[in-house]
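*Asks:* Line by line, the protein sequences are chains A and B.
Under my numbering, think of the first position of the first sequence as 1, with each following residue one higher.
Under my numbering, think of the first position of the second sequence as 1001, with each following residue one higher.
Just so you know, even glycine gets a beta-carbon here, dropped at the ideal spot from N, CA and C.
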Amino acid sequence: MPSRRRTLLKVIILGDSGVGKTSLMNQYVNKKFSNQYKATIGADFLTKEVQFEDRLFTLQIWDTAGQERFQSLGVAFYRGADCCVLVYDVNSMKSFENLNNWREEFLIQANPSDPENFPFVVIGNKIDIDGGNSRVVSEKKARAWCASKGNIPYYETSAKEGINVEEAFQCIAKNALKSGEEEELYLPDTIDVGNSNQQRATGCEC
Amino acid sequence: MNNSISSSSDASPIQFNLPPLSLSLFDAEPSTPQEEPNGVVHGSSVSHFEDSISNEIEEMSIRDHPPSVSNDSQTSWFPGKRHLDEDDASISWRKRKKHFFVLSHSGKPIYSRYGDEHKLAGFSATLQAIISFVENGGDRVKLVRAGKHQVVFLVKGPIYLVCISCTEEPYESLRRQLDLIYGQMIVILTKSVNRCFEKNPKFDMTSLLGGTDTVFSSLIHSFCWNPATFLHAYTCLPLACATRQAAGAILQDVADSGVLFAILMCRHKVISLFGAQKASLHPDDMLLLANFVMSSESFRTSEAFSPVCLPRYNPLAFLYAYIHYFDDDTYLMLLTTSSDAFYHLKDCRIRIETVLLKSNVLDEVKRSLFDGGMHIEDLPPLSHSGSSPHLGQHSLRLDSPERLRESNSSAGGAAGLWHFIYRSLYLDQYVSSEFSSPINTHQQQKRLYRAYQKLFASMHEKGIGPHKTQFKRDENYVLLCWVTQDFELYAAFDPLADKASAIKTCNRVCQWVKDVESEIFLLGGSPFSW
Ligand SMILES: Nc1nc2c(ncn2[C@@H]2O[C@H](COP(=O)(O)OP(=O)(O)OP(=O)(O)O)[C@@H](O)[C@H]2O)c(=O)[nH]1
Ligand SMILES: [Mg+2]
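(1) Rank B:Leu1316, B:Cys1236, B:Leu1154, B:Ala1255 by C-alpha distance to the C-alpha of Ala1290 (chain B) and give the top, closest one.
(2) Less than 9 angstroms between the C-beta atoms of Val1193 (chain B) and Leu1208 (chain B), yes or no?
(3) Taking the alpha helix (DSSP H) that Thr47 (chain A) belongs to, which residues open and close that run?
(4) Compare the C-alpha of Cys1266 (chain B) against each of B:Asp1284, B:Val1293, B:Leu1281, B:Ile1250 and name the closest.
(5) For Lys1446 (chain B) and Gly1157 (chain B), I'd like the C-alpha separation in whole angstroms.
(6) Check the DSSP bridge columns for Gln1252 (chain B) and list the partner residues they point to.
(7) Can you look up Val1513 (chain B) in the DSSP assignment and give me helix, strand or coil?
(8) Shorter than 8 angstroms, the distance from the beta carbon of Asp82 (chain A) to the closest heavy atom of ligand 2, or not?
(9) I want to see whether chain B comes within less than 9 angstroms of Asn22 (chain A), judged by CB atoms only; does it?
(10) Does Glu1297 (chain B) come within less than 9 angstroms of chain A when only Cβ atoms are used?
(11) Leu1189 (chain B) versus chain D: which residues are under 9 angstroms apart at the beta carbon?
(12) Pull up the distance between the alpha-carbon of Leu14 (chain A) and that of Thr1301 (chain B), whole angstroms please.
(13) Let me check you understand the geometry: is the CB of Asp1179 (chain B) closer than 8 angstroms to at least one non-hydrogen atom of ligand 2?
(14) What three-state label does DSSP hand Leu1209 (chain B) in the structure shown?
(15) Taking Gln71 (chain A) as the reference, give the member of A:Lys94, A:Phe106, A:Lys38 with the closest Cα.
(16) Counting C-beta neighbours from all protein chains within 10 Å, is the total for Gly150 (chain A) 16 or more, i.e. buried, or is it exposed?
(17) Assuming Lys1585 (chain B) contacts Ser1272 (chain B) (C-beta within less than 8 angstroms), just tell me the rounded distance between them.
(18) At a Cβ cut of 9 angstroms, what residues of the stretch 1340-1365 of chain B count as close to chain A, listed as they run along the chain?
(19) Between Ser34 (chain A) and ligand 2, is the CB less than 8 angstroms from at least one heavy atom?
(20) I need the boundaries of the beta strand (DSSP E) containing Val1308 (chain B), first residue and last residue.
(21) Report whether the distance from the Cβ of Ala1304 (chain B) to the nearest heavy atom of ligand 2 is below 8 angstroms.
(22) Here's the rule I'm using: 16 or more other beta-carbon atoms within 10 Å means buried, otherwise exposed. How should His1048 (chain B) be labelled?
(23) Counting only beta-carbon separations shorter than 9 angstroms, does Glu1303 (chain B) have a partner in chain A?
(24) In angstroms, rounded to a whole number, what distance separates the CA positions of Lys1098 (chain B) and Thr1167 (chain B)?
(25) Would you say Thr58 (chain A) lies against chain B (beta-carbon separation less than 9 angstroms)?
(26) CA-CA distance, Arg1113 (chain B) and Lys174 (chain A)?
(27) Can you give me the C-alpha to C-alpha distance between Leu1189 (chain B) and Tyr1422 (chain B), rounded to a whole angstrom?
(28) Could you please tell me which residues of the stretch 1193-1221 of chain B, in chain order, have their CB closer than 7 angstroms to any CB of chain A?
(29) Against chain B, with Cβ distances strictly below 9 angstroms, would Phe45 (chain A) count as a contact?
(30) Any idea what DSSP makes of Leu1025 (chain B), helix, strand or coil?
(31) Select from B:Gly1372, B:Phe1197, B:Met1205 the residue whose C-alpha is nearest the C-alpha of Ala1240 (chain B).
(32) If you scan the stretch 133-163 of chain A from start to end, which runs of the beta strand (DSSP E) of 3 or more residues do you find wholly inside it?
(33) Please report how far the alpha carbon of Val1478 (chain B) lies from the alpha carbon of Asp1284 (chain B), in whole angstroms.
(34) Looking at the C-beta of Ser1529 (chain B), does it have a partner C-beta in chain A at a distance below 9 angstroms?
(35) Alpha carbon to alpha carbon, how far is Asp1328 (chain B) from Val29 (chain A)?
(36) Since Arg1312 (chain B) is in the alpha helix (DSSP H), which residue starts that stretch and which ends it?
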């Protein structure tokens, strides 16, 4: 169990419902994409092994639900994150405007020790749609916002076509690693559940 | 399994014994005054409302499109929401056999089974007008009859639920279904949502239910295949006693480590469950929780952690559920009060998984799923000696999976027995036999469940006193119902079955259930005293 300490990097993916958080994760972890929307409920948890500078790490990815009703329930998931990924849909202005809320909410709830330098990565997704003709958020505008928030790395992706997804997650891993080394990694309290060998009757009458 | 949640292939019209429908169902057709139980308002006293409805829904008829959980042919944004293009002006919408609506007390649509909620705003306002008019008059609308249609209302604080149906289901059943829909909403949002309405009466709740259409459509679908929806009981997957015991022991173990409820299920059937001290789980909560989990695709892809509310346990607060699928059908739910228990629950799951694998539980589960439960063709003769209620030749086929079924040759069991449901009142559990060949289509099964439902409602009518037995013969079946202090038995026979031998057969069924009870029920041990 202690081996988990240094090799585990916790990544939170945030953004409005439908921007493609689950799709990005699926493309990254399973190399799969589905056109069907399946709303995430609460948060899904996935892990992926990544290699970085000769070391193996486990990325622990929390894919959260963007649906409105979950927005006040983030605390449990945010705490102890090593990197936070903010996703918007380049074809939806609202999803871009909400990035600010997502970022602030995260900083309040996760309460990292050095909020100024906490690693975020911003992803503008769905660049494939309509050959880019229906996009409403320009790359320039997005980059300007990222710059204003302490030079957040920015990627434009298509979870559908698999464009730039690997690169974005490479950057995510790298940044998570940096923050992991700088501050103490979150290790959850483990309740002692050791006495599992105790035999108990379940009262089955056979 | 016949009881699979998705039955997407079945889109053919379902024939009911209704005359062909005419244009104006809600037209003058004077509804003969009839006494309804429970202070039901019947048609004539609110006839002017019927007029207002008649503009909105006329000519609903006999087509039914069973919902399917995964509807791939449709690329709508929300899976499970069908016929989004429809509104109350579309013919197809009017023709649906059974509508469910949820709206707010200010008349804002919250949920509609068919069609887009926002397009139905006008219709919702009409429903709201009906409800508030009668409420102001000191009366509570519960039921309006209009020709073949029943309109059932349920008011839950600021939330109104309405069912419009021409399925001939009894009022009590429809009301119960509305209750479950409300419960499902509480599972997702808790009752605290009422506070939003207190602050802002015009509050729009639809946004809070985003992405949950499949949860409701799958619940509504279960009204026609899952007996738990009317029995107030849950059912177990048949398993050898030792297997269930192995699962129960490890669940109890984690329950002792700060998990409120540990529930292991296979589809809608319980493998084993355990609650921490004093915590008890109501069968309705189990139904709604299982439906919530099974209908949310996102739980199947990875481990998940989500807030859920158990309305019968505490409607005001969220619990947190860790959900993990071991395979396509078998899943574990660990519930806790602590929002940051994920890692602890994950560790619990790993321990549970290890034990389940070691004691072969998951393989046994698969085998049971494949073999099915009680096949009526296997109904043993009455044992005259007080033979021991143990595994043996009278047991389920848990020990002989290789045995082949001659499924087509037999037309039911002894005395023309086709199917039965046995509900143990003491355990709050029921067991339903497998369907025999005379009722092997989805439509026949749905019809049988509706018949059971009717029987259940009539046996439980208030003020009439507990019936002991009921024997009913119609062109479809002979139905026999037997209620005692300990159990209820519902049995369906060939319509030509002989009454005396049917009764004898029921005795044999009860004996059989007793003989194999340790395999089909979760017995004792757990502190479930609801
Ligand atoms: N064309 C295109 N469609 C995409 C892309 N990414 C996601 N989608 C589609 O967008 C819809 C929503 O994607 P999800 O990944 O489920 O969105 P989400 O952000 O996880 O949504 P929530 O779980 O509700 O928060 C799905 O129908 C996807 O198929 C993309 O890069 N291109
Ligand atoms: Mg998602």
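*Replies:* On the basis of the coordinates in this document:
(1) Nearest option by C-alpha distance: B:Cys1236.
(2) For Val1193 (chain B) and Leu1208 (chain B), yes; Cβs fall inside 9 angstroms.
(3) Careful: Thr47 (chain A) lies outside any alpha helix (DSSP H), inside the beta strand (DSSP E) at 43-52.
(4) Comparing alpha-carbon positions, the option among B:Asp1284, B:Val1293, B:Leu1281, B:Ile1250 lying closest to Cys1266 (chain B) turns out to be B:Val1293.
(5) Straight across, the Cα-Cα distance linking Lys1446 (chain B) with Gly1157 (chain B) is about 33 angstroms.
(6) Paired residues: none, contrary to the question.
(7) Here Val1513 (chain B) sits in helix by DSSP.
(8) Asp82 (chain A): no, Cβ never under 8 angstroms from ligand 2.
(9) What sits at residue 22 (chain A) in the sequence shown is Thr, not Asn. So yes, Thr22 (chain A) belongs to the interface.
(10) Contacts with chain A at 9 angstroms (Cβ-Cβ) include Glu1297 (chain B).
(11) Here the protein chains are A and B, and chain D is not one of them.
(12) For the pair Leu14 (chain A) and Thr1301 (chain B), the Cα-to-Cα distance works out to about 18 angstroms.
(13) No; taking the cut-off as 8 angstroms, the Cβ of Asp1179 (chain B) has no heavy atom of ligand 2 nearer than that.
(14) For Leu1209 (chain B), the three-state secondary structure derived from DSSP is helix.
(15) Relative to Gln71 (chain A), the option among A:Lys94, A:Phe106, A:Lys38 whose CA is nearest is A:Phe106.
(16) By the Cβ neighbour-count rule, Gly150 (chain A) is exposed, with fewer than 16 other Cβ atoms within 10 Å of its own.
(17) In this structure chain B extends from 1001 to 1530, so residue 1585 (chain B) is not present and cannot be described.
(18) For the stretch 1340-1365 of chain B, which is checked against every Cβ of chain A, the residues closer than 9 angstroms are Asp1340, Ala1341, Phe1342, Tyr1343, His1344, Lys1346, Asp1347, Cys1348, Arg1351, Val1355.
(19) Set against 8 angstroms, the gap from the CB of Ser34 (chain A) to the closest heavy atom of ligand 2 is not smaller.
(20) Element bounds for Val1308 (chain B): 1303-1308.
(21) Because no heavy atom of ligand 2 lies under 8 angstroms away, the Cβ of Ala1304 (chain B) does not count as near it: no.
(22) Interpretation of His1048 (chain B) is limited by its pLDDT of 37, a score under 50 that renders its predicted location unreliable; no figure is taken from the coordinates.
(23) Yes, because at least one Cβ of chain A sits closer than 9 angstroms to the Cβ of Glu1303 (chain B).
(24) So the alpha carbons of these two residues sit roughly 7 angstroms apart.
(25) Thr58 (chain A) has a beta carbon lying at 9 angstroms or more from every beta carbon in chain B.
(26) Looking at the two C-alpha atoms, the distance is approximately 47 angstroms.
(27) Just so you know, the alpha carbons of Leu1189 (chain B) and Tyr1422 (chain B) end up roughly 34 angstroms apart.
(28) Answer set for the stretch 1193-1221 of chain B: Ser1207, Leu1208, Gly1210, Gly1211.
(29) So, interface residue.
(30) Because the pLDDT of Leu1025 (chain B) is 26, which lies under 50, any placement of that residue in the model is unreliable, and the number read from its coordinates should be weighed accordingly. Looking at Leu1025 (chain B) - three-state DSSP - the assignment turns out to be coil, as it is neither helix nor strand.
(31) Looking at the Cα atoms, B:Gly1372 is the closest of the given residues.
(32) Runs of the beta strand (DSSP E) spanning 3 or more residues and lying entirely within the stretch 133-163 of chain A occur at 154-156, in chain order.
(33) Those two C-alpha atoms are separated by around 29 angstroms.
(34) Since pLDDT at Ser1529 (chain B) reaches only 41, below the 50 mark, its modelled position is unreliable, and the value read off the structure follows with that caveat. No, Ser1529 (chain B) does not count as interfacial toward chain A.
(35) Taking the straight line joining both Cα atoms gives about 20 angstroms.
(36) Going by DSSP, Arg1312 (chain B) is part of no alpha helix (DSSP H) at all; its letter is neither H nor E.
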